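In my numbering, the protein residues as written are 110 to 304.
Cβ coordinates follow ideal geometry from the N, Cα and C atoms, glycine included.
Keep in mind the model is a prediction, meaning the values are calculated, not measured.
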């Protein structure tokens with residue numbers, strides 16, 4: 110068990126972080142009846158848990174329990190809610206809000222608000238979330254990771270890259286999220302190809 114690990118990073122999909130971890134040594138470890146792939150480099154460890162809050166929670170619990178980090182970072186893609194945030198912009202929010210129950214995590218650093226929603230938000234949902242929470246971006250996982258970190262007394266931070274602007278219409282990606290939060294890319298490609 111790497112006792113020198115101080116920073117844990119939780120992402121949904123490997124493709125979100127591949128440029129970062131492509132040269133990092135990887136290992137598979139079991140936690141809670143599920144196998145996770147961990148990428149490690151120096152004092153960092155990263156796990157990709159799958160899409161959605163439940164997958165993120167399980168991955169966060171695994172990385173916290175197995176590596177005992179001092180800081181947990183939720184990273185990956187988020188949808189823009191603020192018209193000023195276009196694809197490619199980054200956001201390190203001070204506050205993360207869970208839209209399911211309204212709970213709020215203050216990271217103590219950064220600025221702005223990220224709201225976690227249970228599904229990929231469409232344009233109409235994005236407008237409602239922006240108004241209801243004063244949020245600049247929406248994701249599916251950060252609140253679950255924040256809750257796991259808080260339960261273990263570990264500092265939390267989110268750092269997201271905007272994948273789509275507030276007025277961008279996303280394909281119905283939610284139907285292609287399989288068991289354990291895995292994205293079913295081939296089914297999605299077939300859907301897009303035959304539209």
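Bridge partners of residue i, per DSSP?
i: residue 209; result: Beta-bridge pairing links residue 209 to no other residue.
i: residue 147; result: 136, 156
i: residue 264; result: 180
i: residue 247; result: 188, 224
Suppose the cutoff is 7 Å on Cβ atoms and the five residues either side in sequence are ignored; what does the same chain contact list for residue i look like?
i: residue 130; result: 148, 155
Please classify residue i as buried or exposed, where buried requires at least 16 neighbouring CB atoms within 10 angstroms.
i: residue 170; result: buried
i: residue 235; result: buried
i: residue 211; result: exposed
i: residue 136; result: exposed
i: residue 245; result: buried
i: residue 209; result: exposed
i: residue 196; result: exposed
Which residues in the same chain as residue i place their Cβ atom closer than 8 Å to its Cβ, once the five residues preceding and following it in sequence are excluded?
i: residue 192; result: 274, 275, 276
i: residue 218; result: 201, 203, 266
Anyone know if the C-beta pair for residue i and residue j falls short of 8 Å?
i: residue 238; j: residue 269; result: no
i: residue 173; j: residue 258; result: yes
i: residue 118; j: residue 189; result: no
i: residue 165; j: residue 230; result: no
To the nearest angstrom, report how far apart residue i and residue j are at their CA atoms.
i: residue 116; j: residue 177; result: 9 Å
i: residue 110; j: residue 151; result: Caution applies to residue 110, whose pLDDT of 44 falls short of 50 and renders its modelled position unreliable; the value that the coordinates give is listed next. Computed Cα separation, rounded: 13 Å.
i: residue 125; j: residue 139; result: 22 Å
i: residue 161; j: residue 121; result: 8 Å
i: residue 278; j: residue 264; result: 34 Å
i: residue 163; j: residue 250; result: 8 Å
i: residue 184; j: residue 248; result: 10 Å
i: residue 261; j: residue 180; result: 11 Å
i: residue 241; j: residue 159; result: 27 Å
If I measure Cβ to Cβ from residue i and keep anything under 6 Å in the same chain, skipping five residues before and after, which residues do I get?
i: residue 198; result: 271
Residue i CB to nearest chain C CB: under 8 Å?
i: residue 233; result: The question asks about chain C, but that chain is absent: this structure has only one protein chain.
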